[in-house]
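Take a look at the structure set out below.
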Amino acid sequence: MSVSLPPRGRGTASNPHNRFAPQRIIASDDGWFQEMPPSRATEVRAEIAKSIITRNQSPDLPFDRSLNPYRGCEHGCIYCYARPSHAYWDLSPGLDFETKLIAKSNAAALLEQQLSKPGYVCAPINLGSNTDPYQPIERQHLLTRNSLKVLLNYRHPVTIITKGALILRDLDLLAELAQQRLVAVMISLTTLDDELKRILEPRAAAPAARLRAIRVLRDNRIPVGVLCSPMIPMINDMELEHLLEAAKEAGAQSANYMLLRLPREVAPLFEEWLHAHYPQRATHVLSLIRQSRGGELYDSRFGLRFRGDGAFAELLAQRFALASKRLGLNRREAFNLDCTRFCPPGGQLALL
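So the sequence shown is numbered by full-length UniProt numbering: it starts at 1 and just counts up by one.
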(Lines of atoms letter the chains of each structure in order from A; the text may use other names.)
(Lines give C-alpha, C1' and ligand atoms only; values in the text may rest on other atoms or scores of the structure.)
Protein backbone atom coordinates (compact mmCIF):
# COMPACT_ATOMS: atom_id res chain seq x y z
CA MET A 1 0.00 0.00 0.00
CA SER A 2 1.18 3.57 -0.63
CA VAL A 3 2.11 5.49 2.52
CA SER A 4 3.35 8.99 3.28
CA LEU A 5 4.85 10.66 6.32
CA PRO A 6 2.59 12.88 8.46
CA PRO A 7 3.11 16.64 8.79
CA ARG A 8 5.58 17.54 11.50
CA GLY A 9 4.18 16.94 14.97
CA ARG A 10 1.10 15.07 13.75
CA GLY A 11 0.07 11.43 14.07
CA THR A 12 -1.26 10.74 10.58
CA ALA A 13 -0.66 11.90 7.03
CA SER A 14 -4.23 11.14 5.97
CA ASN A 15 -7.50 13.01 6.13
CA PRO A 16 -9.93 10.25 5.09
CA HIS A 17 -13.46 10.77 3.89
CA ASN A 18 -16.01 11.82 6.48
CA ARG A 19 -18.49 8.93 6.25
CA PHE A 20 -21.47 11.29 6.50
CA ALA A 21 -20.34 13.70 3.73
CA PRO A 22 -22.16 13.47 0.36
CA GLN A 23 -18.99 14.21 -1.65
CA ARG A 24 -15.40 12.95 -1.61
CA ILE A 25 -12.20 14.87 -2.38
CA ILE A 26 -9.25 12.75 -3.51
CA ALA A 27 -5.71 14.17 -3.35
CA SER A 28 -3.48 13.61 -6.38
CA ASP A 29 0.33 13.65 -6.52
CA ASP A 30 1.47 16.68 -8.57
CA GLY A 31 5.00 15.37 -8.97
CA TRP A 32 6.66 17.82 -6.59
CA PHE A 33 8.55 15.68 -4.08
CA GLN A 34 8.95 17.04 -0.55
CA GLU A 35 11.39 15.27 1.77
CA MET A 36 9.94 16.94 4.87
CA PRO A 37 6.13 17.20 5.03
CA PRO A 38 4.86 20.73 5.78
CA SER A 39 3.55 21.56 9.22
CA ARG A 40 -0.18 21.81 9.91
CA ALA A 41 -1.44 24.52 12.25
CA THR A 42 -4.00 23.85 14.98
CA GLU A 43 -7.37 25.57 14.61
CA VAL A 44 -9.76 25.92 17.55
CA ARG A 45 -13.34 27.06 17.29
CA ALA A 46 -15.64 27.78 20.20
CA GLU A 47 -18.92 25.94 20.61
CA ILE A 48 -21.87 26.74 22.86
CA ALA A 49 -22.78 23.22 24.00
CA LYS A 50 -26.36 22.25 24.82
CA SER A 51 -25.38 19.57 27.34
CA ILE A 52 -22.11 18.63 29.00
CA ILE A 53 -22.65 15.38 30.93
CA THR A 54 -22.69 12.31 28.69
CA ARG A 55 -24.37 9.15 30.01
CA ASN A 56 -23.45 5.57 29.17
CA GLN A 57 -24.73 2.11 30.12
CA SER A 58 -21.58 0.18 29.20
CA PRO A 59 -20.79 -2.73 31.55
CA ASP A 60 -17.13 -2.32 30.59
CA LEU A 61 -16.80 1.13 32.16
CA PRO A 62 -16.51 1.90 35.90
CA PHE A 63 -18.52 5.12 35.48
CA ASP A 64 -21.91 5.95 33.98
CA ARG A 65 -21.29 9.60 33.15
CA SER A 66 -18.48 11.66 31.67
CA LEU A 67 -17.50 15.18 30.69
CA ASN A 68 -15.37 16.10 27.66
CA PRO A 69 -14.57 19.84 27.37
CA TYR A 70 -13.08 19.41 23.88
CA ARG A 71 -13.89 17.68 20.60
CA GLY A 72 -10.81 16.38 18.82
CA CYS A 73 -7.41 16.08 20.46
CA GLU A 74 -4.13 17.78 19.63
CA HIS A 75 -2.09 14.91 21.06
CA GLY A 76 -2.58 13.18 17.72
CA CYS A 77 -2.34 9.58 18.99
CA ILE A 78 -2.68 7.45 15.88
CA TYR A 79 -4.63 4.74 17.72
CA CYS A 80 -7.22 7.02 19.35
CA TYR A 81 -10.64 5.31 19.42
CA ALA A 82 -12.32 8.76 19.57
CA ARG A 83 -11.26 9.70 16.03
CA PRO A 84 -14.50 8.47 14.37
CA SER A 85 -16.56 10.88 16.49
CA HIS A 86 -15.17 13.80 14.47
CA ALA A 87 -17.27 12.70 11.49
CA TYR A 88 -20.38 13.83 13.37
CA TRP A 89 -19.12 17.43 13.08
CA ASP A 90 -18.51 17.13 9.32
CA LEU A 91 -14.76 16.72 9.90
CA SER A 92 -12.32 13.94 9.08
CA PRO A 93 -11.17 11.43 11.72
CA GLY A 94 -7.66 11.87 10.28
CA LEU A 95 -5.72 15.14 10.35
CA ASP A 96 -8.87 17.14 11.14
CA PHE A 97 -9.20 15.27 14.45
CA GLU A 98 -5.75 16.54 15.50
CA THR A 99 -5.84 20.02 13.97
CA LYS A 100 -9.45 21.24 13.84
CA LEU A 101 -10.54 21.24 17.46
CA ILE A 102 -13.74 22.38 19.14
CA ALA A 103 -13.78 23.93 22.62
CA LYS A 104 -17.05 23.83 24.56
CA SER A 105 -16.66 27.36 25.87
CA ASN A 106 -19.63 27.15 28.25
CA ALA A 107 -18.59 23.81 29.77
CA ALA A 108 -18.24 25.01 33.37
CA ALA A 109 -21.45 27.08 33.36
CA LEU A 110 -23.41 24.24 31.81
CA LEU A 111 -21.96 21.75 34.32
CA GLU A 112 -23.07 23.98 37.19
CA GLN A 113 -26.53 24.24 35.66
CA GLN A 114 -26.89 20.47 35.30
CA LEU A 115 -25.60 19.73 38.81
CA SER A 116 -28.12 22.20 40.23
CA LYS A 117 -31.15 20.41 38.81
CA PRO A 118 -33.44 19.16 41.63
CA GLY A 119 -33.49 15.55 40.41
CA TYR A 120 -29.75 15.17 39.90
CA VAL A 121 -28.30 12.05 41.59
CA CYS A 122 -24.59 12.22 42.40
CA ALA A 123 -22.10 9.66 41.03
CA PRO A 124 -18.47 10.14 39.93
CA ILE A 125 -18.02 12.03 36.65
CA ASN A 126 -15.13 10.98 34.45
CA LEU A 127 -12.98 13.61 32.72
CA GLY A 128 -11.14 12.29 29.67
CA SER A 129 -13.24 9.37 28.49
CA ASN A 130 -13.21 10.54 24.85
CA THR A 131 -10.52 13.21 24.38
CA ASP A 132 -7.79 14.33 26.76
CA PRO A 133 -8.90 17.11 29.15
CA TYR A 134 -5.26 18.24 29.47
CA GLN A 135 -4.34 18.44 25.79
CA PRO A 136 -2.18 21.49 24.87
CA ILE A 137 -5.07 23.90 24.10
CA GLU A 138 -6.23 23.60 27.72
CA ARG A 139 -3.40 26.03 28.61
CA GLN A 140 -5.32 28.86 26.96
CA HIS A 141 -8.94 27.75 27.28
CA LEU A 142 -8.96 26.55 30.93
CA LEU A 143 -12.17 24.54 30.41
CA THR A 144 -10.92 21.59 32.48
CA ARG A 145 -9.71 23.81 35.32
CA ASN A 146 -12.96 25.77 35.41
CA SER A 147 -14.96 22.52 35.44
CA LEU A 148 -12.88 21.27 38.38
CA LYS A 149 -13.69 24.49 40.25
CA VAL A 150 -17.39 23.77 39.82
CA LEU A 151 -16.99 20.15 40.96
CA LEU A 152 -15.06 21.27 44.04
CA ASN A 153 -17.67 23.92 44.82
CA TYR A 154 -20.41 21.27 44.63
CA ARG A 155 -18.30 18.64 46.45
CA HIS A 156 -18.81 16.34 43.48
CA PRO A 157 -16.51 13.31 42.93
CA VAL A 158 -14.49 13.16 39.70
CA THR A 159 -12.11 10.71 38.02
CA ILE A 160 -9.55 11.89 35.48
CA ILE A 161 -7.77 10.02 32.68
CA THR A 162 -4.93 11.90 30.97
CA LYS A 163 -1.52 11.61 29.38
CA GLY A 164 -0.98 15.36 29.76
CA ALA A 165 1.58 16.64 32.27
CA LEU A 166 -0.45 19.87 32.34
CA ILE A 167 -2.53 18.24 35.08
CA LEU A 168 0.12 19.43 37.56
CA ARG A 169 -1.02 23.01 36.97
CA ASP A 170 -4.22 22.14 38.86
CA LEU A 171 -2.55 20.67 41.95
CA ASP A 172 -4.28 23.23 44.16
CA LEU A 173 -7.76 22.07 43.13
CA LEU A 174 -6.85 18.38 43.00
CA ALA A 175 -5.29 18.43 46.46
CA GLU A 176 -8.40 20.04 47.93
CA LEU A 177 -10.64 17.51 46.18
CA ALA A 178 -8.43 14.66 47.42
CA GLN A 179 -8.73 15.83 51.03
CA GLN A 180 -12.46 15.16 50.75
CA ARG A 181 -12.08 11.86 48.82
CA LEU A 182 -13.50 13.46 45.69
CA VAL A 183 -10.84 12.73 43.06
CA ALA A 184 -8.77 9.90 41.56
CA VAL A 185 -6.40 10.18 38.59
CA MET A 186 -5.24 7.62 36.03
CA ILE A 187 -2.15 8.57 34.02
CA SER A 188 -2.02 6.87 30.63
CA LEU A 189 1.46 5.43 30.01
CA THR A 190 1.93 3.75 26.64
CA THR A 191 5.70 3.41 26.27
CA LEU A 192 9.01 4.31 27.92
CA ASP A 193 10.64 4.74 24.49
CA ASP A 194 10.84 8.43 23.53
CA GLU A 195 11.19 7.67 19.82
CA LEU A 196 8.13 5.41 19.78
CA LYS A 197 6.20 8.04 21.73
CA ARG A 198 7.18 10.66 19.12
CA ILE A 199 5.58 8.79 16.23
CA LEU A 200 2.74 7.13 18.19
CA GLU A 201 1.57 10.10 20.30
CA PRO A 202 3.26 13.14 18.70
CA ARG A 203 2.09 15.97 20.96
CA ALA A 204 1.52 14.07 24.20
CA ALA A 205 3.85 14.44 27.18
CA ALA A 206 7.08 12.45 27.19
CA PRO A 207 7.20 9.22 29.25
CA ALA A 208 9.44 10.86 31.86
CA ALA A 209 6.99 13.75 32.22
CA ARG A 210 4.09 11.34 32.84
CA LEU A 211 6.07 9.45 35.46
CA ARG A 212 6.91 12.77 37.11
CA ALA A 213 3.20 13.63 37.11
CA ILE A 214 2.47 10.37 38.95
CA ARG A 215 5.20 11.15 41.47
CA VAL A 216 4.06 14.72 42.13
CA LEU A 217 0.39 13.76 42.41
CA ARG A 218 1.25 11.05 44.92
CA ASP A 219 3.49 13.43 46.88
CA ASN A 220 0.44 15.66 47.21
CA ARG A 221 -1.69 12.74 48.48
CA ILE A 222 -3.82 12.60 45.36
CA PRO A 223 -4.90 9.01 44.49
CA VAL A 224 -3.16 8.10 41.24
CA GLY A 225 -2.91 4.99 39.11
CA VAL A 226 -1.46 4.02 35.74
CA LEU A 227 -3.35 2.98 32.61
CA CYS A 228 -1.15 0.98 30.21
CA SER A 229 -3.15 1.68 27.10
CA PRO A 230 -3.24 0.67 24.41
CA MET A 231 -1.18 -2.50 24.36
CA ILE A 232 -0.23 -3.05 20.71
CA PRO A 233 1.05 -6.48 19.63
CA MET A 234 4.74 -6.41 18.63
CA ILE A 235 4.91 -2.62 19.12
CA ASN A 236 4.75 -1.96 22.86
CA ASP A 237 3.27 -5.10 24.49
CA MET A 238 6.80 -6.25 25.42
CA GLU A 239 7.03 -3.16 27.69
CA LEU A 240 4.03 -4.05 29.86
CA GLU A 241 5.96 -5.21 32.95
CA HIS A 242 8.46 -2.34 32.61
CA LEU A 243 5.64 0.19 32.40
CA LEU A 244 4.06 -1.18 35.57
CA GLU A 245 7.40 -1.24 37.40
CA ALA A 246 8.21 2.36 36.42
CA ALA A 247 4.75 3.54 37.46
CA LYS A 248 4.99 1.74 40.79
CA GLU A 249 8.39 3.30 41.47
CA ALA A 250 6.89 6.71 40.71
CA GLY A 251 4.09 6.13 43.26
CA ALA A 252 1.17 4.64 41.35
CA GLN A 253 -1.32 2.85 43.61
CA SER A 254 -3.34 0.99 41.00
CA ALA A 255 -3.09 -0.18 37.40
CA ASN A 256 -5.18 -1.21 34.44
CA TYR A 257 -4.59 -1.91 30.74
CA MET A 258 -6.44 -2.09 27.44
CA LEU A 259 -5.76 -3.91 24.21
CA LEU A 260 -5.60 -1.79 21.06
CA ARG A 261 -9.03 -0.82 19.70
CA LEU A 262 -9.49 0.04 16.01
CA PRO A 263 -13.11 1.12 15.41
CA ARG A 264 -14.25 2.44 12.02
CA GLU A 265 -11.74 4.87 10.44
CA VAL A 266 -9.07 4.16 13.04
CA ALA A 267 -8.26 0.79 11.44
CA PRO A 268 -7.07 2.12 8.04
CA LEU A 269 -5.27 5.03 9.70
CA PHE A 270 -3.40 2.68 12.01
CA GLU A 271 -2.63 0.30 9.15
CA GLU A 272 -1.15 3.18 7.15
CA TRP A 273 0.92 4.20 10.19
CA LEU A 274 2.24 0.65 10.55
CA HIS A 275 3.35 0.46 6.92
CA ALA A 276 5.01 3.88 7.21
CA HIS A 277 6.96 3.18 10.41
CA TYR A 278 7.17 -0.62 10.70
CA PRO A 279 6.81 -1.98 7.15
CA GLN A 280 8.55 -5.29 7.89
CA ARG A 281 6.45 -5.88 10.99
CA ALA A 282 3.07 -4.63 9.78
CA THR A 283 1.65 -7.93 8.51
CA HIS A 284 2.52 -9.74 11.74
CA VAL A 285 1.05 -6.97 13.94
CA LEU A 286 -2.22 -6.97 11.99
CA SER A 287 -2.37 -10.77 12.14
CA LEU A 288 -2.07 -10.75 15.95
CA ILE A 289 -4.77 -8.09 16.19
CA ARG A 290 -7.13 -10.19 14.08
CA GLN A 291 -6.36 -13.25 16.18
CA SER A 292 -7.44 -11.23 19.22
CA ARG A 293 -10.56 -9.81 17.58
CA GLY A 294 -12.33 -12.85 16.13
CA GLY A 295 -10.64 -12.52 12.75
CA GLU A 296 -11.42 -8.80 12.36
CA LEU A 297 -9.48 -5.65 13.23
CA TYR A 298 -12.15 -4.65 15.76
CA ASP A 299 -14.71 -6.36 17.95
CA SER A 300 -17.15 -4.02 19.70
CA ARG A 301 -18.80 -6.62 21.93
CA PHE A 302 -19.07 -5.71 25.61
CA GLY A 303 -16.70 -7.76 27.72
CA LEU A 304 -14.26 -8.21 24.83
CA ARG A 305 -13.65 -4.79 23.31
CA PHE A 306 -11.13 -3.72 25.96
CA ARG A 307 -9.37 -7.08 26.40
CA GLY A 308 -9.90 -9.16 23.25
CA ASP A 309 -9.82 -12.96 23.21
CA GLY A 310 -7.61 -15.69 21.81
CA ALA A 311 -4.09 -16.82 22.75
CA PHE A 312 -2.34 -13.44 22.54
CA ALA A 313 -5.04 -11.60 24.52
CA GLU A 314 -5.14 -14.31 27.18
CA LEU A 315 -1.35 -14.24 27.58
CA LEU A 316 -1.40 -10.44 27.89
CA ALA A 317 -4.09 -10.67 30.58
CA GLN A 318 -2.06 -13.26 32.52
CA ARG A 319 1.09 -11.13 32.31
CA PHE A 320 -0.79 -8.08 33.58
CA ALA A 321 -2.43 -10.00 36.43
CA LEU A 322 0.88 -11.47 37.62
CA ALA A 323 2.82 -8.21 37.37
CA SER A 324 0.16 -6.04 39.00
CA LYS A 325 -0.22 -8.52 41.86
CA ARG A 326 3.56 -8.71 42.36
CA LEU A 327 3.81 -4.93 42.46
CA GLY A 328 0.72 -4.41 44.63
CA LEU A 329 -1.06 -2.50 41.86
CA ASN A 330 -4.19 -4.66 41.98
CA ARG A 331 -5.78 -2.72 44.84
CA ARG A 332 -8.34 0.05 44.31
CA GLU A 333 -9.28 1.09 47.85
CA ALA A 334 -7.94 4.64 47.36
CA PHE A 335 -10.20 5.06 44.35
CA ASN A 336 -13.47 4.66 46.29
CA LEU A 337 -14.81 8.20 46.13
CA ASP A 338 -17.33 9.82 48.50
CA CYS A 339 -20.66 10.76 46.95
CA THR A 340 -22.27 11.71 50.26
CA ARG A 341 -20.54 15.10 50.33
CA PHE A 342 -22.36 16.36 47.23
CA CYS A 343 -24.10 19.61 48.03
CA PRO A 344 -25.02 22.49 45.69
CA PRO A 345 -23.81 25.85 47.07
CA GLY A 346 -26.28 27.09 49.65
CA GLY A 347 -27.73 23.61 50.12
CA GLN A 348 -27.65 21.42 53.19
CA LEU A 349 -25.25 18.49 53.54
CA ALA A 350 -26.83 15.09 54.08
CA LEU A 351 -26.86 13.93 57.70
CA LEU A 352 -24.60 10.92 58.26
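All C-beta atoms, glycine included, are put in the ideal place defined by N, C-alpha and C.
Measure from the alpha carbon of residue i to the alpha carbon of each residue in the options, then state which is nearest.
{"i": "alanine 49", "options": "Ala206, Leu269 and Leu111", "result": "Leu111"}
{"i": "isoleucine 160", "options": "Leu142, Ala184, Leu177 and Arg139", "result": "Ala184"}
{"i": "proline 7", "options": "Thr144, Ala178 and Arg203", "result": "Arg203"}
{"i": "asparagine 146", "options": "Asn130, Arg169 and Asn330", "result": "Arg169"}
{"i": "proline 157", "options": "Leu127, Arg139 and Ile167", "result": "Leu127"}
{"i": "threonine 131", "options": "Ser188, Gly72 and Pro118", "result": "Gly72"}
{"i": "alanine 255", "options": "Met238, Ser229 and Gln57", "result": "Ser229"}
{"i": "leucine 115", "options": "Ser51, Pro136, Ala175 and Arg319", "result": "Ser51"}
{"i": "leucine 101", "options": "Leu67, Leu297 and Pro136", "result": "Pro136"}
{"i": "glutamate 241", "options": "Leu196, Leu286, Arg212 and Leu189", "result": "Leu189"}
{"i": "alanine 109", "options": "Gly94, Leu148 and Ala178", "result": "Leu148"}
{"i": "serine 105", "options": "Glu74, Tyr81, Gly119 and Glu138", "result": "Glu138"}
{"i": "tyrosine 134", "options": "Ala282, Tyr70 and Arg45", "result": "Tyr70"}
{"i": "lysine 197", "options": "Leu91, Gly94 and Glu239", "result": "Glu239"}
{"i": "leucine 143", "options": "Lys163, Ala103, Arg181 and Ala317", "result": "Ala103"}
{"i": "asparagine 68", "options": "Ile125, Leu329 and Pro118", "result": "Ile125"}
{"i": "cysteine 122", "options": "Phe63, Glu176 and Asp90", "result": "Phe63"}
{"i": "glutamate 249", "options": "Asp90, Leu329 and Glu271", "result": "Leu329"}
{"i": "alanine 46", "options": "Ser58, Ser92, Ala107 and Pro93", "result": "Ala107"}
May I ask which residues mark the beginning and end of the alpha helix (DSSP H) holding residue i?
{"i": "valine 285", "result": "282–292"}
{"i": "glutamate 314", "result": "311–326"}
{"i": "glutamate 245", "result": "240–250"}
{"i": "aspartate 194", "result": "194–200"}
{"i": "glutamine 140", "result": "138–141"}
Grouping DSSP H, G and I as helix and E and B as strand, with all else coil, what is residue i?
{"i": "glutamate 265", "result": "coil"}
{"i": "alanine 108", "result": "helix"}
{"i": "alanine 178", "result": "helix"}
{"i": "proline 230", "result": "strand"}
{"i": "arginine 65", "result": "strand"}
{"i": "isoleucine 222", "result": "coil"}
{"i": "isoleucine 235", "result": "coil"}
{"i": "isoleucine 187", "result": "strand"}
{"i": "alanine 103", "result": "strand"}
{"i": "valine 216", "result": "helix"}
{"i": "arginine 83", "result": "helix"}
{"i": "arginine 40", "result": "coil"}
{"i": "tyrosine 70", "result": "strand"}
{"i": "glutamine 135", "result": "coil"}
{"i": "arginine 332", "result": "coil"}
{"i": "leucine 151", "result": "helix"}
{"i": "arginine 145", "result": "helix"}
{"i": "glutamate 271", "result": "helix"}
{"i": "histidine 277", "result": "helix"}
{"i": "isoleucine 167", "result": "helix"}
{"i": "arginine 210", "result": "helix"}
Only counting the same chain, and skipping five residues up and downstream in sequence, which positions put a Cβ closer than 8 angstroms to that of residue i?
{"i": "aspartate 30", "result": "With a pLDDT of only 48 at aspartate 30, under 50, the local geometry of the prediction cannot be trusted, and the value read off the model is given with reservation. Contacts found: none."}
{"i": "glycine 251", "result": "Ile214, Arg215, Leu217, Arg218, Asp219 and Val224"}
Please report the residue range of the beta strand (DSSP E) in which residue i lies.
{"i": "threonine 162", "result": "158–162"}
{"i": "glutamate 98", "result": "Segment 95–99 is the alpha helix (DSSP H) holding glutamate 98; no beta strand (DSSP E) there."}
{"i": "threonine 54", "result": "53–55"}
{"i": "isoleucine 125", "result": "125–127"}
{"i": "alanine 255", "result": "255–259"}
{"i": "valine 44", "result": "43–47"}
Between residue i and the rest of its own chain, which residues show a CB-CB distance below 6 angstroms, the 5 nearest in sequence each way excluded?
{"i": "arginine 264", "result": "Pro84"}
{"i": "isoleucine 199", "result": "His277"}
{"i": "glycine 76", "result": "Arg10, Gly11, Glu98, Pro202 and Arg203"}
{"i": "alanine 82", "result": "Asn130 and Thr131"}
For a quick check, are the C-beta atoms of residue i and residue j less than 7 angstroms apart?
{"i": "methionine 234", "j": "tyrosine 257", "result": "no"}
{"i": "aspartate 60", "j": "phenylalanine 320", "result": "no"}
{"i": "aspartate 299", "j": "arginine 290", "result": "no"}
{"i": "leucine 260", "j": "alanine 323", "result": "no"}
{"i": "leucine 297", "j": "alanine 267", "result": "yes"}
{"i": "leucine 152", "j": "leucine 173", "result": "yes"}
{"i": "arginine 65", "j": "isoleucine 53", "result": "yes"}
{"i": "glutamine 180", "j": "arginine 341", "result": "yes"}
{"i": "leucine 288", "j": "phenylalanine 312", "result": "yes"}
Once the 5 residues before and after residue i are set aside, which same chain residues still bring their CB inside 7 angstroms of it?
{"i": "arginine 332", "result": "Ser254"}
{"i": "alanine 213", "result": "Ala165, Ile167, Leu168 and Ile187"}
{"i": "arginine 210", "result": "Lys163, Ala165, Ile187 and Leu189"}
{"i": "alanine 246", "result": "Leu192 and Leu211"}
{"i": "glutamate 74", "result": "Thr42, Glu98, Leu101, Gln135, Pro136, Ile137 and Arg203"}
{"i": "residue 381", "result": "Outside the modelled stretch of the chain, which goes from 1 to 352, sits residue 381, for which no answer is possible."}
{"i": "glycine 310", "result": "Gln291 and Ser292"}
State yes or no: is the C-beta of residue i nearer than 6 angstroms to some heavy atom of the ligand GDP?
{"i": "alanine 103", "result": "Annotation note on the ligand GDP: not contained in the displayed structure, which lists no ligands."}
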